[in-house]
Amino acid sequence: MADRPAKRDFLSITDFSRDEILSTLDVAETLRSGVAGTKPLAGKTLGMIFAKSSTRTRVSFEVGAFELGGHALFLSARDIQLGRGEPIRDTARVLSRYVDGIMIRTYSHEEVEELARFATIPVINGLTDLLHPCQIMADLQTIIENFGPDLGGVKVAWVGDGNNMANSWLNAAYMLGFELRLAYPAGYEPNAEILERARGGGNIITTHDPREAVAGADVVNTDVWASMGQEEEAVERASVFQRYRVDDALLRRASRRAIFLHCLPAHRGEEVTDEVLEGPQSRVFDQAENRLHAQKAVMTVLMSEEGLAR
Ligand code: CP
Ligand code: NVA
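Using the working numbering, read the sequence shown as starting at 805 and increasing by one per residue.
Structural data, given as structure tokens:
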């Protein structure tokens, strides 16, 4: 009998090969097109640990698991024993005896790595301070939806904080080879190691000038100036980031076909104007919808019998 392949995790888009990323996006596109499939998660349960708030991630994973024939359990970190100090490694081993996959949203990326090390089932990163790989899959799907499958041919601009989303874009550019221009203020750089690796393998331009990043771009992308956990820095950040607001004038510098993306939730009047968010180039609600399709694809490849891991 052939050995059972080791379980696979999705803590970062770099956990998948380039081909695996593209084939997962293909699955997501099939799901988006509404082709009724089998129920690859029949009889399976996803445990979802949340130490931070969520609308899209929580609802899309829960609905997605249901639509794939499975079940999802919402586990607020405050209400399970993890919140009272039970070690993450014990939580990993206990949950592995009950459920078939774990999705976790928390602060420390290292904590998620430890969870994955001790779990015997797939672990999916639903956002850490470092990365948000599920979001980047939905963002890539939104680019495919608008420009077709040649992801290598698009120019993506990032305007704002060098945060978990900026790091995730760097990883995506590293894996897929598209041009990524990032504009951020001094002192708010992306993760140095991720940036250096992406520079080695990708087509990365960094600047402090949002206009330089956006010039001729096909995708203009931003995120909040203060991420979850940085609430106390919000006032200071609001002043530092004033030049980094995506408004009509900035968007006009992009390619004529450019689309605007934001992972949401957005702070209108801060990182993006109401006009851009509600304007004809905005695809933010398609992007939010794609969280459902992309996550169903990730769960299918990691948790189903036919997927990568099984
Ligand atoms: N974009 C995103 O992850 O949204 P939620 O915080 O609502 O899950
Ligand atoms: N950078 C944001 C993304 C929210 C989906 C945060 O971490 O709060």
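Backbone N, C-alpha and C define an ideal beta-carbon position, used for all residues, glycine too.
Inter-residue spacing [alpha-carbon to alpha-carbon] between residue i and residue j
| i | j | result |
| --- | --- | --- |
| residue 942 | residue 1091 | 6 Å |
| residue 1103 | residue 869 | 8 Å |
| residue 1005 | residue 1067 | 25 Å |
| residue 825 | residue 891 | 32 Å |
| residue 811 | residue 953 | 28 Å |
| residue 888 | residue 882 | 8 Å |
| residue 920 | residue 927 | 6 Å |
| residue 831 | residue 1110 | 12 Å |
| residue 1114 | residue 1049 | Only weak support exists for where residue 1114 lies, its pLDDT of 43 falling under 50; the value from the coordinates is given anyway. Roughly 45 Å separates the two Cα atoms. |
| residue 968 | residue 998 | 11 Å |
| residue 989 | residue 1043 | 11 Å |
| residue 1077 | residue 1045 | 14 Å |
| residue 1107 | residue 904 | 7 Å |
| residue 994 | residue 950 | 27 Å |
| residue 1047 | residue 1054 | 10 Å |
| residue 975 | residue 820 | 11 Å |
| residue 1060 | residue 1069 | 26 Å |
| residue 817 | residue 1052 | 31 Å |
| residue 1041 | residue 935 | 20 Å |
| residue 1101 | residue 878 | 20 Å |
| residue 853 | residue 1085 | 34 Å |
| residue 875 | residue 909 | 18 Å |
| residue 884 | residue 1011 | 43 Å |
| residue 945 | residue 1098 | 7 Å |
| residue 1105 | residue 838 | 18 Å |
| residue 848 | residue 1008 | 40 Å |
| residue 855 | residue 1035 | 15 Å |
| residue 957 | residue 1083 | 25 Å |
| residue 842 | residue 959 | 36 Å |
| residue 939 | residue 863 | 13 Å |
| residue 992 | residue 1021 | 22 Å |
| residue 1028 | residue 827 | 30 Å |
| residue 983 | residue 1014 | 15 Å |
| residue 880 | residue 858 | 11 Å |
| residue 1065 | residue 906 | 28 Å |
| residue 861 | residue 929 | 10 Å |
| residue 925 | residue 901 | 9 Å |
| residue 813 | residue 1000 | 24 Å |
Contact under 8 Å by Cβ, residue i with residue j
| i | j | result |
| --- | --- | --- |
| residue 1023 | residue 1062 | yes |
| residue 917 | residue 815 | yes |
| residue 1030 | residue 1017 | no |
| residue 937 | residue 972 | yes |
| residue 833 | residue 948 | yes |
| residue 851 | residue 886 | no |
| residue 872 | residue 829 | no |
| residue 836 | residue 1094 | yes |
Range covered by the beta strand (DSSP E) that runs through residue i
| i | result |
| --- | --- |
| residue 931 | No beta strand (DSSP E) contains residue 931, which DSSP labels as neither H nor E. |
| residue 1007 | 1007 to 1011 |
| residue 1064 | 1063 to 1066 |
| residue 960 | 959 to 963 |
Residue-level contact to chain C via CB, residue i, 8 Å cutoff
| i | result |
| --- | --- |
| residue 928 | In the displayed structure, chain C is absent; only one protein chain is listed. |
Rounded Cβ spacing between residue i and residue j (contact assumed at less than 8 Å)
| i | j | result |
| --- | --- | --- |
| residue 986 | residue 970 | 6 Å |
| residue 822 | residue 980 | 7 Å |
| residue 896 | residue 922 | 4 Å |
| residue 1033 | residue 894 | Not really, about 24 Å apart at Cβ, beyond 8 Å. |
| residue 1002 | residue 977 | 6 Å |
| residue 1072 | residue 1019 | Not confirmed; about 24 Å, so no contact. |
| residue 966 | residue 1075 | Between residue 1075 and residue 966 the Cβ distance is about 13 Å, and since that is not below 8 Å, they are no contact. |
| residue 867 | residue 1096 | 6 Å |
Alpha helix (DSSP H) segment containing residue i, residue limits
| i | result |
| --- | --- |
| residue 1095 | 1088 to 1107 |
| residue 987 | Not the alpha helix (DSSP H): residue 987 falls in the beta strand (DSSP E), residues 983 to 987. |
| residue 833 | 822 to 836 |
| residue 1080 | 1078 to 1082 |
| residue 943 | 937 to 951 |
| residue 975 | 968 to 980 |
query: Which parts of the stretch 848 to 917 are runs of the beta strand (DSSP E), unbroken and 3 residues or longer, counting only runs that do not cross its ends?
result: List check, beta strand (DSSP E) in window: 849 to 854, 875 to 880, 905 to 909.
field: Unbroken stretches of the beta strand (DSSP E), 3 residues or longer, contained in the stretch 1013 to 1053
entry: Entirely contained in the stretch 1013 to 1053, the beta strand (DSSP E) runs reaching 3 residues are, in chain order, 1023 to 1026.
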